[in-house]
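First to last, the sequence lines map onto chains A and B.
Here the first sequence is numbered in the UniProt record's numbering, starting from 1 and rising by one per residue.
Here the second sequence is numbered in the UniProt record's numbering, starting from 1 and rising by one per residue.
For every residue, glycine included, the Cβ atom is placed at its ideal position computed from N, Cα and C.
Okay, so here's the structure we're looking at.
There are 2 protein chains.
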Amino acid sequence: MRTGSFEERSLLEQAVQAAVSGASFTPFTEGLAGSVDRRRGAAHSAGAVFRSMLGQDFCLGQPGARQGVGTESSPYGISLGVRYPRSEPGELVGAAVRAMAGWRAAGPRRRAELAVEVLCRLHDRSHEIAHALHHTTGQAYATAHRAGSLHAQDRGLEAVAHALAASTRTPADMYGERLAERGGPRQMDVPLGMDGTCTVVPRGVSLLIGCPDFPTWNGYPGLFASLVTGNPLIVKPHPRAVLPLALTVQVARDVLRKAGHDPNVVTLAAEKPGEQLAPRFATDPEVRVIDFTGSVRFGEWLHRNARQASVYATPIGANTVLMDSTDGYRRMLRELALSLSLCSGQSCTAPQNILVPSGGIRTDEGRKTIGRFSVDLSRAVKRLLAEPRRAAGILGAIGSDRIRTSLAHAAGCGVVVHASSPVAHPDHPAADIRTPLIVRLEAHDEQVYAREWAGPVSFVIATESTSHSLDIFRRTARRHGGQFATVHSTDPLVLGAVEIAALDAGVHLSENLAGSVFMDQSAVYGDFCAAEVSPGAHTALADPSFITGRFRLVQARRPAVRVHDISAAEA
Amino acid sequence: MRTGSFEERSLLEQAVQAAVSGASFTPFTEGLAGSVDRRRGAAHSAGAVFRSMLGQDFCLGQPGARQGVGTESSPYGISLGVRYPRSEPGELVGAAVRAMAGWRAAGPRRRAELAVEVLCRLHDRSHEIAHALHHTTGQAYATAHRAGSLHAQDRGLEAVAHALAASTRTPADMYGERLAERGGPRQMDVPLGMDGTCTVVPRGVSLLIGCPDFPTWNGYPGLFASLVTGNPLIVKPHPRAVLPLALTVQVARDVLRKAGHDPNVVTLAAEKPGEQLAPRFATDPEVRVIDFTGSVRFGEWLHRNARQASVYATPIGANTVLMDSTDGYRRMLRELALSLSLCSGQSCTAPQNILVPSGGIRTDEGRKTIGRFSVDLSRAVKRLLAEPRRAAGILGAIGSDRIRTSLAHAAGCGVVVHASSPVAHPDHPAADIRTPLIVRLEAHDEQVYAREWAGPVSFVIATESTSHSLDIFRRTARRHGGQFATVHSTDPLVLGAVEIAALDAGVHLSENLAGSVFMDQSAVYGDFCAAEVSPGAHTALADPSFITGRFRLVQARRPAVRVHDISAAEA
């Protein structure tokens with residue numbers, strides 16, 4: 001790692017090198033040497049800084065901001081009451097359009113440098129943002145700090161590096177001699193040489209529609225990719241999780257202002273309760289890039305209705321686990337129990353459908369029937385979550401009625417293997433914390449399991465055989481989406497067949513690993529998360545066009561100076 | 001250039017190097033040293049080979065081909081009568097889907113090597129394809145050979161190189177140690193290292209909707225980009241210009257078959273007269289990539305209805321010339337006359353709207369009023385096309401009633417500056433050859449000039465000033481598309497202002513060059529053609545996502561072998 005002072009340029013160079021070579025580079029997670037002291041101080045004061053924001057107006061200095069709107073409540077039961085400036089959508093779009101020419105003119109390298117400065121400033125405020133995430137998403141504090149601050153910053157940095165590499169891949173200055181030779185009629189003077197310039201032209205205004213559960217982790221890649229490719233950005237947070245993105249916007253505006261740029265390159269679009277501004281912004285003709293993580297349904301709505309824009313909609317699908325055989329039964333159960341529990345099953349790698357041949361699976365402890373497996377999994381969950389403080393640290397709190405409804409509904413769909421039960425948080429008695437629900441289904445219950453269920457809901461599904469499991473996986477993933485699959489098998493033939501099925505379905509595959517690798521996925525490309533070829537999944541973070549769809553290259557050319565001199569002399 | 005034998009691998013390496021460095025590389029236009037003798041023979045025999053195909057069944061060996069369909073007629077009046085196999089769309093899509101897994105498994109490098117082999121084989125048959133283009137599109141033979149064979153091959157090669165570079169940018173094999181550190185609970189064994197593979201997964205079946213005027217030049221970039229990124233391809237030619245693409249498909253299938261691949265990776269979808277198969281193919285759920293060059297209207301239809309696919313629709317828009325001042329009046333007039341005439345105004349750089357301040361323009365021959373300029377331009381056209389054989393060589397023949405209608409209609413829209421008149425072709429008395437029509441309009445006639453007119457139709461439009469011209473250019477290009485603009489000015493301030501306006505409109509700009517650079521645009525990226533940020537222009541050849549939208553990267557990972565050994569030992 002770097003030693004010495006906070007050298008943002010060097011950070012950018014290293015990130016670009018890593019992006020080009022495909023190497024892993026996670027400086028924020030590993031800790032920036034120069035900022036350790038500052039951060040240590042920050043960790044202590046962050047709680048106080050966070051509390052000082054509560055019940056106050058959040059200041060951004062945005063155009064047309066009149067009223068303050070507050071829509072957040074803490075799943076841990078404390079009162080938040082932060083009021084955000086609300087501007088009319090047209091005012092924010094207008095301000096973004098006016099900021100565009102200056103931002104475009106800054107060029108990719110300058111924009112990337114400023115983006116890295118924003119990331120470093122966000123890094124300094126990691127603990128404040130972690131508090132904001134903890135009290136809006138319900139994530140445990142450690143999770144919020146690691147995934148929502150540090151990993152999100154590394155993902156942002158990776159997006160900056162890829163955006164800079166992609167937008168400087170074609171040289172800005174060109175010289176060509178193409179006109180010298182002409183196949184058609186030759187009767188006229190033609191220039192022998194041409195100078196050309198090639199400019200990265202952003203698509204237009206970029207809209208980030210924030211999600212309620214991982215607003216920074218899901219949001220930063222698109223946010224920084226759009227900024228570096230020259231698109232001014234409007235951040236429309238989810239009404240339940242405004243503060244983490246509001247702090248991000250505040251830092252970005254501050255960096256822009258101090259660097260002499262129009263701060264309206266980045267604005268926040270807070271909304272009144274139930275106002276539903278996302279569709280209004282998404283269909284504005286000036287909005288040309290949209291990032292969204294969430295329901296398949298709204299993703300499809302965006303594709304259908306926001307036709308003027310490049311839509312990067314990452315749908316939340318149902319992830320599959322294929323059980324065939326294992327040589328580490330206990331460990332596999334522990335890891336699976338953790339995957340089902342982490343962040344109340346809201347992480348993007350949380351498994352939902354566990355396909356188990358009804359004849360059972362071969363393990364290092366002998367053959368386990370599906371009934372035995374179900375009982376053992378339930379016990380592993382109970383063991384993991386036995387101690388309330390530790391359980392709260394894994395599960396986090398539930399802030400959404402959607403999850404409560406999902407739990408209640410799913411329990412009626414089959415035989416309950418593990419019932420969801422409340423956990424009392426030692427410090428926050430009002431927090432709603434629930435253990436995972438596991439329900440046993442049959443293969444023919446496809447109308448139940450072939451869609452995403454919110455929260456810690458999973459199904460143990462009895463299939464005829466591993467090859468039947470494969471058919472179900474391939475079909476449901478291709479039709480209904482899904483981001484990750486896990487297979488447990490000691491048989492190379494099975495692993496090979498699952499690999500092919502995962503390619504057919506366009507789903508990332510973990511073999512004999514726990515599904516809960518989410519916590520360590522800090523990078524967009526190095527550690528693809530949410531890549532999709534499945535239907536409904538029109539975009540992906542692992543998709544190179546995630547960057548390239550945000551800009552075009554436009555060329556201007558003119559006679560090279562020496563040629564121009566000659567023609568002037570002729571005249 | 002290369003000497004020695006036909007080294008396709010070396011050609012591929014050089015092309016990739018050029019693609020990465022942004023250098024110009026046009027080996028087919030410059031002539032492959034190893035193939036000169038073969039081509040010389042081919043040039044002599046190509047006419048006979050072409051004639052031998054007339055009135056015959058065109059053999060492709062495609063699945064489900066029952067009837068022969070023929071829809072072509074030569075604009076030069078000779079009888080063609082080639083009958084192509086017609087299969088049901090479902091049969092072709094099914095065959096493409098079945099070919100997909102094998103083609104995906106071949107990997108990017110092998111696919112690129114085969115694509116280069118196809119290009120070299122097409123290069124050997126350049127003269128045959130030129131005959132086919134000449135007698136279907138109506139292009140003059142020299143134009144057809146140079147643009148439709150050689151330049152198209154260079155564009156195809158550039159697409160191969162960019163596709164290979166883009167799909168191998170992320171290493172196929174990865175090793176990571178991300179799981180070693182875990183922010184959450186630490187109670188369990190986690191693998192220390194992981195092996196990963198990253199696979200280029202094609203989107204699905206790719207559809208090329210051929211255009212009637214430049215089927216190979218417009219078609220090859222998408223065709224080869226799709227092939228190299230692993231998408232099986234269905235080529236649906238325009239019913240008026242089937243043979244050039246049928247020959248291309250025949251060569252590709254032959255190369256695939258000989259290399260042991262399923263030839264149905266590339267098939268031809270010929271259609272009966274008036275059958276309109278394009279919408280049926282475009283909305284097939286298996287079709288995931290669509291390339292189309294043509295009307296703004298059908299491009300928008302595709303975006304609205306083929307939502308399952310990456311749609312690369314390059315609309316034909318109205319190109320603008322801004323007249324301000326020049327130090328080479330005569331030369332400028334000659335070049336402009338050529339631009340208006342070439343290929344009957346069907347080339348993608350053909351100017352349509354010539355914006356001239358009504359106060360006139362400053363030139364090296366004194367101030368020229370708009371009336372004087374119009375007369376001089378008309379004379380330049382007459383001089384260029386005075387001799388019938390030369391005129392026929394520049395204009396080519398008109399094969400479409402759409403152009404005849406366009407000419408008739410446009411003549412009634414304003415004062416005719418230069419009337420379109422017939423030219424008698426010395427060898428082909430039946431050929432319909434027409435000189436360009438130039439009509440004088442006022443700035444307020446926007447409903448006339450703000451759309452694309454087919455064929456050699458252009459307008460001299462009187463504006464209040466150069467800055468008024470700029471406003472009109474910016475507005476019409478942003479609203480109605482357009483691919484190229486040209487400005488003639490000796491004033492650096494004007495040139496600077498036009499450059500900014502072109503970036504705003506997302507249109508490529510030529511400064512003090514003739515618009516007719518089409519003939520020498522052999523490369524997709526090096527010589528961007530048809531790049532667009534304008535509305536209705538959702539794609540572009542200059543758009544990096546032209547390649548990246550055709551595939552996704554899908555990851556599989558597993559414990560690294562040494563880690564797996566350890567866990568096996570634990571069990």
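Find the residues of chain A that neighbour residue i, judging by a C-beta separation of less than 8 angstroms, and give them in chain order.
i, result
"residue 573(B)", "Residue numbering for chain B in the displayed model covers 1 to 571; residue 573(B) lies beyond these limits and cannot be assessed."
"residue 270(B)", "Those within 8 angstroms of residue 270(B) in chain A number zero; the least Cβ separation is about 30 angstroms."
Determine whether the beta carbon atoms of residue i and residue j lie at a separation below 8 angstroms.
i, j, result
"residue 424(B)", "residue 77(B)", "no"
"residue 230(A)", "residue 266(A)", "no"
"residue 83(B)", "residue 58(B)", "yes"
"residue 574(A)", "residue 468(A)", "Missing from the structure shown is residue 574(A); chain A here goes from 1 to 571 and no further."
"residue 350(A)", "residue 339(A)", "yes"
"residue 370(A)", "residue 460(A)", "yes"
"residue 396(A)", "residue 143(A)", "yes"
"residue 108(B)", "residue 150(B)", "no"
"residue 440(A)", "residue 545(A)", "no"
"residue 484(A)", "residue 510(A)", "yes"
"residue 326(B)", "residue 363(B)", "yes"
"residue 385(B)", "residue 336(B)", "no"
"residue 554(B)", "residue 502(A)", "yes"
Below 9 angstroms on C-beta distance, what does residue i contact in chain B?
i, result
"residue 499(A)", "197, 199, 556"
Using the beta-carbon of each residue, which ones in chain B are nearer than 7 angstroms to residue i?
i, result
"residue 545(A)", "545, 548, 549"
Just to make sure I have the definition right: I need the residues of chain A whose C-beta is within less than 9 angstroms of the C-beta of residue i. Which are they?
i, result
"residue 256(B)", "Result: empty, since nearest Cβ-Cβ is about 21 angstroms, beyond 9 angstroms."
"residue 304(B)", "304, 307"
"residue 508(B)", "554, 555, 556, 557"
Pull up the DSSP beta-bridge partners for residue i, would you.
i, result
"residue 368(B)", "361(B)"
"residue 488(A)", "323(A)"
"residue 329(A)", "Answer by DSSP bridge pairing: none, since residue 329(A) is not bridged."
"residue 427(A)", "The partner list for residue 427(A) (beta bridge, DSSP) is empty, contrary to what the question assumes."
"residue 394(A)", "Answer is none; residue 394(A) lacks a bridge partner."
"residue 233(A)", "206(A), 266(A)"
"residue 460(A)", "354(A), 440(A)"
"residue 199(A)", "554(A)"
"residue 434(B)", "422(B)"
Which chain B residues are close to residue i, counting only those with a beta carbon under 8 angstroms from its beta carbon?
i, result
"residue 299(A)", "Here the premise fails: no neighbours, minimum Cβ distance about 11 angstroms."
"residue 502(A)", "554, 556"
Residue i: which of the options sits nearest, CA to CA?
i, options, result
"residue 217(A)", "153(A), 369(A), 491(A)", "153(A)"
"residue 116(A)", "281(A), 14(A), 400(A), 386(A)", "14(A)"
"residue 157(B)", "17(B), 328(B), 134(B), 296(B)", "17(B)"
"residue 418(B)", "380(B), 404(B), 398(B)", "380(B)"
"residue 124(A)", "235(A), 43(A), 344(A), 51(A)", "43(A)"
"residue 275(B)", "252(B), 237(B), 257(B)", "237(B)"
"residue 106(A)", "256(A), 557(A), 278(A), 122(A)", "256(A)"
"residue 232(A)", "205(A), 221(A), 219(A), 220(A)", "205(A)"
"residue 7(B)", "465(B), 102(B), 114(B)", "114(B)"
In chain A, which residues lie less than 7 angstroms from residue i when you measure between Cβ atoms?
i, result
"residue 166(B)", "544"
Problem set entry | Stretch pair the stretch 300-313 of chain B + the stretch 282-291 of chain B: three plus CB contacts closer than 8 angstroms | yes
For this session: Could you tell me whether the stretch 50-65 of chain B touches the stretch 87-104 of chain B, where touching means 3 or more Cβ pairs closer than 8 angstroms?
Result: yes
Exercise. Would the stretch 470-485 of chain A and the stretch 437-450 of chain A be scored as touching if the rule is three or more Cβ pairs under 8 angstroms?
Worked result: yes
Exercise. Hey, is the stretch 241-259 of chain A in contact with the stretch 114-129 of chain A, meaning 3+ C-beta pairs nearer than 8 angstroms?
Worked result: yes
Exercise. Can we say the stretch 406-425 of chain B touches the stretch 434-443 of chain B, given the rule of at least three CB pairs closer than 8 angstroms?
Worked result: yes
Exercise. Is it true that the stretch 376-392 of chain A meets the stretch 404-415 of chain A, where meeting means three or more beta-carbon pairs spaced less than 8 angstroms apart?
Worked result: no
For this session: Evaluate contact between the stretch 128-146 of chain A and the stretch 209-228 of chain A, counting only Cβ atoms and requiring at least three cross-stretch pairs below 8 angstroms.
Result: Because the criterion of three Cβ pairs below 8 angstroms is met, the stretch 128-146 of chain A and the stretch 209-228 of chain A touch.
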